[in-house]
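Chemist: These protein sequence lines map, in sequence, to chains V and F.
Residue numbering for the first sequence follows UniProt numbering, starting at 1 and increasing by one per position.
Residue numbering for the second sequence follows UniProt numbering, starting at 1 and increasing by one per position.
A virtual CB, placed ideally from N, CA and C, is assigned to each residue, including glycine.
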Amino acid sequence: MTLLIEESAASTQKKKAHKVRGKVRLREHLMGWLFVGPFGLVFLAFLIAPLAYALYLSLWQKKLIGGTSFVFLGNYVKAFSDPTFLSGAWFVIRFSLVAIPLQIVLALAMALILDAVTSLFTRFSRLMIFLPYAIPTVIGAVMWGFLYSKSFGPLTDVFGLFGATAPDFFSSNLIFYGLINVVTWQWAGYYMIILYAALQGIDPTLYEAARMDGAGKWQVALRIKIPLIAPALLLILVFSLIGTLQFFNEPQILRYLAAGTISPGFTPNMYAYQQAFGLANFNYGSAISFALGGIVFVCVYAFLFFTRKRRSFF
Amino acid sequence: MSMKTKRLLVTAAMLAAASALAACAPDAGGGANTAGGSAAPADNAGGNNASNCTNTISKKDLPVVTFWGWYPNMQLVVDNFNKQNNEVQVCWTNVGQGGDEYDKFQTAISAGTGAPDVIMIEADRIPTFQIQKALVDIKQYGYDAVKDNYGPGAWKDVSIGGAVYGVPVDGGPMAMIYRKDVFDKYKITPPKTWAEYEQAAQKVKDAGGPLFGDLGANVPAVLMALQIQKGANPFTYDPAKPETIGVKLNDQASKDVLDYWGGLAKKGLVGTQDQFTPEYIAGVVNGKYATYISAAWAPGYLTGAGVGKGEDTGKWAVAPLPQWDPANPVQVNWGGSAFSVTNQAKNPELAAKVAYGLYADDESLTDGWTNQIIFPLNLKALNDPKFVDLKVAFFDGQQANKEVYVPAANAYKGMTYAPFGQYYFDAMTKQVSALIEGSVTGAQAADRVQEDVVGYAKEQGFTVQ
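Next comes the structure, spelled out in structure tokens:
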């Protein structure tokens, strides 16, 4: 009997302690949620909810005649057999293969130079190289549109000096390189800043040690600096991969100057926009967006898989 | 690129949310600002919200109809209407011209909210929105009172079957605008047929002169009009049987016209620049083109873009559109717009009153044509001797209306547009682009457009004849 009473008393005490601890934990939980709350709400409202809605939309088909019907994955099947979507996807993949290495190599070269050379002009140069990123994409694209122009741009004059005809970057043969140039101009400076910041984070004693071991500037750059900023390189690679596959603003703006060359299905993102807002086909537009999302995911995943040894930021 | 786009989108979404919250606050202007005069709180979805008009409404007790339009002198037109009307007031917003506005309207249609009561749209877009049941048949709301104010061609463009989906505002009877100085220099007279047009072009080229004209990939509506001129009948569509549509984009007439223009481009007689671009306008300003095959609104557009000013004053003239068969001339139309009532209008009857009355008073009409902004379709203006006899400054005092545009407008018979006009134009742009590059012939381009558009029509549930 007494045992039982004692036991039960102990257990009530335990329970009380538990309750108190539970209350504290609950309060801690509440505080946690309170802090996460504002972000969580915005995240849910502006990212998860639209994504879920778009996914829902992509499973339906609305025809001009016959109304709306549930087609499950029909829109995706259609997208992956739609020549416009596939050629747009193939374009951005080809574009990535040229644009990304170019940007990264340029950014890396500029960052290494700015890191190695200290002079009055380094700060100024750094700012100037970064400046294009500070210019809104849309304005940058309009500006390049005028620079490429045969009537307004400097190309005609420059080529005219040598008695040659200026290349027409709005023609379907050269639009690829015209856009590569715009994108590189815009983004290389931004990537340079990221790499430069990473270089600044390297302990200078390493350089000293390397010099004592007889390493020259090239060897320091190749054997110490680049390996140590590999995570940053990987980061900008992933950024540019995602960004380039979602290519939209530049061609959309230049379209007004070269409507014949840049069709509404030029890149998958433009195609999705055209389907949704131009042709009232929000269902197929959503499906294209998700299909593009799938391609981006596969590319990024494959990329990270093949570079997994150096994966230190994800 | 994407990251910035995302950031922009997030910012925009946040701003939208903030303004939506702000709009929940009681309207300082009182209940008078609510559309239709109902006591319901202001709809904060945007289009139907009468609390953010560009114009100022002075008669605050009257019901308000919301309106989207891009016509350049809209402020004046709206003020004139509001001043003269004691039944309803117009709240006007300019949400962008053409495509920009259609994209917003399309979004509002899909969302089921956010559209204005009355909207300015081009006649070739009416079936696109009508088939989505986004427009109201305004025949029952006062059509009889105004039907004699417009010609049959003007009404046909805004009608589908027996139903009327818009009030004609302006039209685009086509003609050949040309450089007098170039024609004088190379001793040519305005060509009356397309064969003569090509001969004249060859003559100017052989003499080392400028390009004779331009084949732009981004103006498919022009080529459609020129195909119709030769006898093509692209779409047959009866709203009584909306599921059936006739698509004939590769008949002989269409192929001939595309081959003709493709040939001119291949021979280097005409340029292949996209139109409405700074590049093209610069070319027009600098006398790079001897002719501009365009519509009656073009002088206004060109003047606005800086053409025909300064040194070039008095160098332009206009002649009727060259014909295929001068014995049986056909007049065609490019562009032109109408005021339509949307199905989201809170009070369609009141909205129709606005659509019918908005650009109908003498002062607004006179302003429109004296400033050469548009070519009116209202017969009050078309029959006004002052308009007909006007010596147009852009054409160096030539009586362009009397000689060219009014006869062209009167002879225009109207046409049937497709309920998927945007898709057709996109398909056409793609093929004209290929035609310009020389990878297809005109006939092949026509066949491909046909195949493309028929495929789309079938996919959209139509039975194609």
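Mind pulling the chain V residues with CB within less than 8 Å of glycine 283(F)?
Modeler: What you label residue 283(F) is simply residue 283 of the second sequence in a count that begins at 1. Neighbours of glycine 283(F) on chain V, chain order: Ser151.
Chemist: Please list, in chain order, the residues of the segment 412-439 of chain F that have any C-beta partner in chain V closer than 8 Å.
Modeler: The residues in question are Pro419, Phe420, Gln422, Tyr423, Asp426, Thr429, Lys430, Val432, Ser433, Ile436 and Glu437.
Chemist: Can you tell me where the alpha helix (DSSP H) holding lysine 380(F) begins and where it ends?
Modeler: Here residue 380(F) refers to the residue found at position 380 when the second sequence is read from its first residue. Taken as a continuous stretch (DSSP letters only), the alpha helix (DSSP H) holding lysine 380(F) covers 379-382.
Chemist: If you draw a straight line from the alpha carbon of tryptophan 194(F) to that of lysine 185(F), how long is it in whole angstroms?
Modeler: Working through the second sequence from its first residue, we reach residue 194(F) at position 194. Working through the second sequence from its first residue, we reach residue 185(F) at position 185. Distance between the alpha carbons of tryptophan 194(F) and lysine 185(F): 21 Å.
Chemist: Would the beta-carbon of tyrosine 148(V) be found less than 8 Å away from any heavy atom of the ligand ATP?
Modeler: Ligands displayed in this structure: none; no statement on the ligand ATP is therefore possible.
Chemist: Does the beta carbon of serine 364(F) sit closer than 9 Å to a beta carbon anywhere in chain V?
Modeler: Counted from its first residue, the second sequence places residue 364(F) at position 364. No, because no Cβ of chain V sits closer than 9 Å to the Cβ of serine 364(F).
Chemist: If the cut-off is 9 Å on Cβ atoms, which residues from the segment 260-272 of chain V count as contacting chain F, listed in chain order?
Modeler: For the segment 260-272 of chain V, which is checked against every Cβ of chain F, the residues closer than 9 Å are Gly260, Thr261, Ser263, Pro264, Gly265 and Asn269.
Chemist: Can you have a look at methionine 31(V) and say buried or exposed, based on whether 16 or more other CB atoms are within 10 angstroms of its CB?
Modeler: In the first sequence, the residue the question calls residue 31(V) occupies position 31. Exposed: under 16 other Cβ atoms inside 10 Å.
Chemist: Could you please give the first and the last residue of the uninterrupted alpha helix (DSSP H) stretch that includes glycine 145(V)?
Modeler: As a working mapping, residue 145(V) is identified with position 145 in the first sequence. First-last of the alpha helix (DSSP H) with glycine 145(V): 137-148.
Chemist: For chain V, is any of its Cβ atoms less than 9 Å away from the one on isoleucine 126(F)?
Modeler: Within the second sequence, numbered from 1, the residue matching residue 126(F) stands at position 126. Not one chain V Cβ lies under 9 Å of isoleucine 126(F).
Chemist: Once the 5 residues before and after alanine 265(F) are set aside, which same chain residues still bring their CB inside 7 Å of it?
Modeler: The sequence position of residue 265(F) within the second sequence is 265, counting from 1. Only Leu215, Thr272 and Ile436 meet the Cβ criterion.
Chemist: Rounded to whole angstroms, how far is the Cβ of proline 299(F) from the Cβ of valine 392(F), which I believe are closer than 8 Å?
Modeler: Translated into positions along the second sequence, residue 299(F) becomes position 299. Translated into positions along the second sequence, residue 392(F) becomes position 392. Contact holds; Cβ gap of about 7 Å.
Chemist: Answer yes or no: does any C-beta atom of chain V fall closer than 9 Å to that of tyrosine 141(F)?
Modeler: Working through the second sequence from its first residue, we reach residue 141(F) at position 141. Output row for tyrosine 141(F): interface = no.
Chemist: Flag proline 326(F) as yes if its beta-carbon sits less than 9 Å from any beta-carbon of chain V, otherwise no.
Modeler: One-based indexing of the second sequence puts residue 326(F) at position 326. It does not; no Cβ of chain V falls within 9 Å.
Chemist: Listing by chain order, which chain V residues have their CB less than 7 Å from the CB of glutamine 323(F)?
Modeler: Here residue 323(F) corresponds to residue number 323 of the second sequence, with the count starting at 1. Ordered by position in chain V, no residue passes the 7 Å Cβ test against glutamine 323(F), which lies about 27 Å from the chain.
Chemist: With a threshold of 9 Å between beta-carbons, can isoleucine 131(F) be considered close to chain V, or not?
Modeler: Along the second sequence, read from residue 1 onward, the residue named residue 131(F) stands at position 131. Yes, isoleucine 131(F) counts as interfacial toward chain V.
Chemist: According to DSSP, valine 464(F) sits in a beta bridge with which residue or residues?
Modeler: Counted from its first residue, the second sequence places residue 464(F) at position 464. Partner(s): Ile245(F).
Chemist: Around the C-beta of valine 332(F), are 16 or more other C-beta atoms found within 10 angstroms, so that it is buried, or is it exposed?
Modeler: Mapped onto the second sequence, residue 332(F) falls at position 332. So valine 332(F) counts as buried.
Chemist: Starting from methionine 176(F), follow the beta strand (DSSP E) in both directions and report where the run begins and ends.
Modeler: Working through the second sequence from its first residue, we reach residue 176(F) at position 176. 167-179 is the extent of the beta strand (DSSP E) around methionine 176(F).
Chemist: Am I right that proline 191(F) and alanine 200(F) are in contact with their C-beta atoms under 8 Å? What's the rounded C-beta distance?
Modeler: What you label residue 191(F) is simply residue 191 of the second sequence in a count that begins at 1. What you label residue 200(F) is simply residue 200 of the second sequence in a count that begins at 1. Their Cβ separation, rounded to whole angstroms, is 5 Å, which keeps proline 191(F) and alanine 200(F) in contact under 8 Å.
Chemist: Using a Cβ-Cβ distance cut-off of 9 Å, determine whether isoleucine 224(V) contacts chain F.
Modeler: As a working note, residue 224(V) is residue 224 in the first sequence. Output row for isoleucine 224(V): interface = no.
Chemist: Thinking C-alpha only, which one of Tyr356(F), Ala360(F), Leu302(F) and Tyr456(F) is nearest aspartate 65(F)?
Modeler: Within the second sequence, residue 65(F) is the residue found at index 65, counting from 1. The amino acid occupying residue 65(F) in the given sequence is valine; aspartate does not appear at that position. The shortest C-alpha separation from valine 65(F) is found at Tyr356(F).
Chemist: Using a Cβ cut-off of 9 Å, which residues of the segment 199-218 of chain V contact any Cβ in chain B, in chain order?
Modeler: Chain labels in this structure do not include chain B; the protein chains are V and F.
Chemist: Just tell me which of Thr370(F), Val257(F) and Gly304(F) has its CA closest to the CA of phenylalanine 276(F).
Modeler: Reading the second sequence from its first residue, position 276 is the one you call residue 276(F). The shortest Cα separation from phenylalanine 276(F) among Thr370(F), Val257(F) and Gly304(F) belongs to Gly304(F).
Chemist: What does phenylalanine 212(F) pair with, by DSSP beta-bridge criteria?
Modeler: On the second sequence, position 212 is the one that residue 212(F) refers to. Answer is none; phenylalanine 212(F) lacks a bridge partner.
Chemist: Cβ of isoleucine 293(F) less than 9 Å from any chain V Cβ?
Modeler: Locating residue 293(F) in the second sequence gives position 293, counting from the first residue. Chain V contact via Cβ: absent.
Chemist: Using a C-beta cutoff of 9 Å, does serine 96(V) count as contacting chain F?
Modeler: Numbered from its first residue, the first sequence carries residue 96(V) at position 96. For serine 96(V), the answer is no, since every Cβ of chain F falls outside 9 Å of its Cβ.
Chemist: Apart from the five residues on each side of it in sequence, which residues of its chain come closer than 7 Å, Cβ to Cβ, to alanine 141(V)?
Modeler: Locating residue 141(V) in the first sequence gives position 141, where the first residue counts as 1. Val182, Asn249, Glu250, Ile253 and Leu254, listed in sequence order.
Chemist: Counting pairs of Cβ atoms below 8 Å between the segment 336-356 of chain F and the segment 133-141 of chain F, do you hit three or more?
Modeler: As far as the Cβ criterion goes, the segment 336-356 of chain F touches the segment 133-141 of chain F, which means the pair count is three or higher.
Chemist: Given that residue 530(F) touches chain V, what residues does it touch there, using C-beta distances under 9 Å?
Modeler: With chain F represented from 1 up to 465, any question about residue 530(F) goes unanswered, as that position is not in the structure.
Chemist: Between the alpha carbons of glycine 287(F) and valine 318(F), how many angstroms are there, rounded?
Modeler: Residue 287(F) sits at position 287 when you count from the first residue of the second sequence. Residue 318(F) sits at position 318 when you count from the first residue of the second sequence. About 15 Å.
Chemist: I want to verify the contact list: residues of chain V whose CB lies under 9 Å from the CB of glycine 268(F), in sequence order.
Modeler: Indexing the second sequence from 1 puts residue 268(F) at position 268. Simply none; closest approach about 14 Å.
Chemist: Please state the DSSP three-state secondary structure of tryptophan 70(F).
Modeler: On the second sequence, residue 70(F) is found 70 positions in, with the first residue counted as 1. Residue state, collapsed to three classes: coil.
Chemist: Given this structure, state the Cα-to-Cα distance separating alanine 35(F) from glutamine 460(F), to the nearest angstrom.
Modeler: As a position in the second sequence, residue 35(F) is number 35, starting the count at 1. As a position in the second sequence, residue 460(F) is number 460, starting the count at 1. Reliability fails at alanine 35(F), whose pLDDT of 33 lies under 50, so the model's placement of it is uncertain and no value is given.
Chemist: Reducing DSSP to helix, strand and coil, say where phenylalanine 339(F) ends up.
Modeler: Position 339 of the second sequence, counting from 1, holds the residue named residue 339(F). Strand, per DSSP.
Chemist: Alpha helix (DSSP H) containing glutamate 196(F): first to last residue?
Modeler: Position 196 of the second sequence, counted from the first residue, corresponds to residue 196(F). Taken as a continuous stretch (DSSP letters only), the alpha helix (DSSP H) holding glutamate 196(F) covers 194-206.
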